[in-house]
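Everything in the sequence shown is counted per our numbering, starting at 22 for the first residue and increasing by one.
Note that CB positions come from ideal geometry on N, CA and C, so glycine has one too.
The structure under discussion appears below in the form of structure tokens.
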Amino acid sequence: MKKVVSHKGVAGYGLLLSLSGFAGLALIAVIDHATGIFFPLQFSHTINRSVFFTILFLGLSPIILWLLTLKVSVNKSYLISKSLFGRREIPVVTISEISISNGTGWIPFSGYNLILYFEEDEGMAITNTFFWNSHNLTKAILEVAINANPSVSIDPVLIDTYGFPPYGIFTNFK
């Protein structure tokens, strides 16, 4: 296998659907406040409620767009993260530590949320909770990180869950 690419799963689409529903209701409330066409009985009759729904809509929109554009891919030399906020391409030889995020742990039907630390760069969070192939993605990250840098520090929970590489994801790895 040449690279492992993330695919959104049930948790990602469920969150996306609920956030889109809230954003849609907020947009309806804002339009209704301005025109009164949806709820003639003055459902959103106060300015405070309209401002609240406007802020809610504007706050949820970037999260929805981030979730729609989120993608992580791993190959033998690079870890690539793409989203609404940009693209990061990190050489795997610079990974110095792989840990799991505190507080989230393992969520059913998904994987651990990873935090990657690099030698001379800021860390990167991999939100595996939204991907249906999160276990394969985690194994790929562990495999390339250890093969590129055997002294990488790995969270013991990940070692207990997946064991030590190789996992056979990158079959022709040298």
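> According to DSSP, what are the bridge partners of Pro112?
Replying inline: In the DSSP assignment, the residues bridged to Pro112 are Tyr99.
> Using the C-alpha atoms, what's the distance from Leu48 back to Thr182?
Replying inline: When rounded, the separation of the alpha-carbon atoms in Thr182 and Leu48 is 44 Å.
>> Comparing C-alpha positions only, which one of Tyr138, Leu46 and Lys29 sits nearest to Val173?
In response: For Val173, the nearest C-alpha among the options comes from Tyr138.
>> For Tyr188, tell me which candidate among Leu158, Ser120, Lys92 and Leu105 has the shortest Cα-Cα distance.
In response: Tyr188 has its Cα closest to that of Leu158, out of Leu158, Ser120, Lys92 and Leu105.
> Count the other CB atoms within 10 Å of the CB of Lys23; is the residue buried (16 or more) or exposed (fewer)?
Replying inline: So Lys23 counts as exposed.
> In or out: Val165 buried (at least 16 other Cβ within 10 Å) or exposed?
Replying inline: So Val165 ends up on the buried side.
> Is DSSP giving Glu140 helix, strand or coil here?
Replying inline: In this structure, Glu140 counts as coil in the three-state DSSP scheme.
>> Tell me which residue opens and which closes the beta strand (DSSP E) that Lys160 is part of.
In response: Run containing Lys160: none in the beta strand (DSSP E); it sits in the alpha helix (DSSP H), Ser155 to Ala169.
> Using CA coordinates, which residue listed in Pro177, Ile180, Gly184 and Ser27 is at the minimum distance from Thr90?
Replying inline: Out of Pro177, Ile180, Gly184 and Ser27, Ser27 has the C-alpha closest to the C-alpha of Thr90.
>> I need the straight-line Cα distance from Pro177 to Phe185, nearest angstrom please.
In response: Annotation: Pro177 to Phe185 spans about 11 Å, alpha carbon to alpha carbon.
> For Ser65, does the count of other Cβ atoms within 10 angstroms reach 16, so buried, or fall short, so exposed?
Replying inline: Caution is warranted here: a pLDDT of 48 is assigned to Ser65, below 50, making its placement in the model unreliable, and the coordinate value is therefore given only provisionally. So Ser65 counts as buried.
>> Distance check for Thr150 and Ile84, CA to CA, integer angstroms please.
In response: Taking the straight line joining both Cα atoms gives about 15 Å.
>> Distance check for Asn134 and Leu81, CA to CA, integer angstroms please.
In response: Those two C-alpha atoms are separated by around 22 Å.
>> Rounded to the nearest angstrom, what separates Ile101 and Gly107 at their Cα positions?
In response: Straight through space, the alpha carbons of Gly107 and Ile101 are spaced by roughly 11 Å.
> Among residues of its own chain, excluding the 5 on either side of Ser122, which ones have a beta-carbon nearer than 6 Å to its beta-carbon?
Replying inline: Beyond the five residues adjoining it in sequence on each side, Ser122 comes within less than 6 Å, by CB distance, of Asn134 and Ile136 in the same chain, given in chain order.
> Between the C-alpha atoms of Ala55 and Ile111, what's the straight-line distance to the nearest angstrom?
Replying inline: Their Cα atoms are separated by approximately 47 Å.
>> Closest to Gly35 by C-alpha separation, out of Leu79, Ile76, Leu77 and Leu88, would be which residue?
In response: Nearest neighbour of Gly35 by Cα position, chosen from Leu79, Ile76, Leu77 and Leu88, turns out to be Leu88.
>> Is the separation between the beta-carbon of Val113 and that of Ala169 shorter than 8 Å?
In response: Cβ atoms of Val113 and Ala169: closer than 8 Å.
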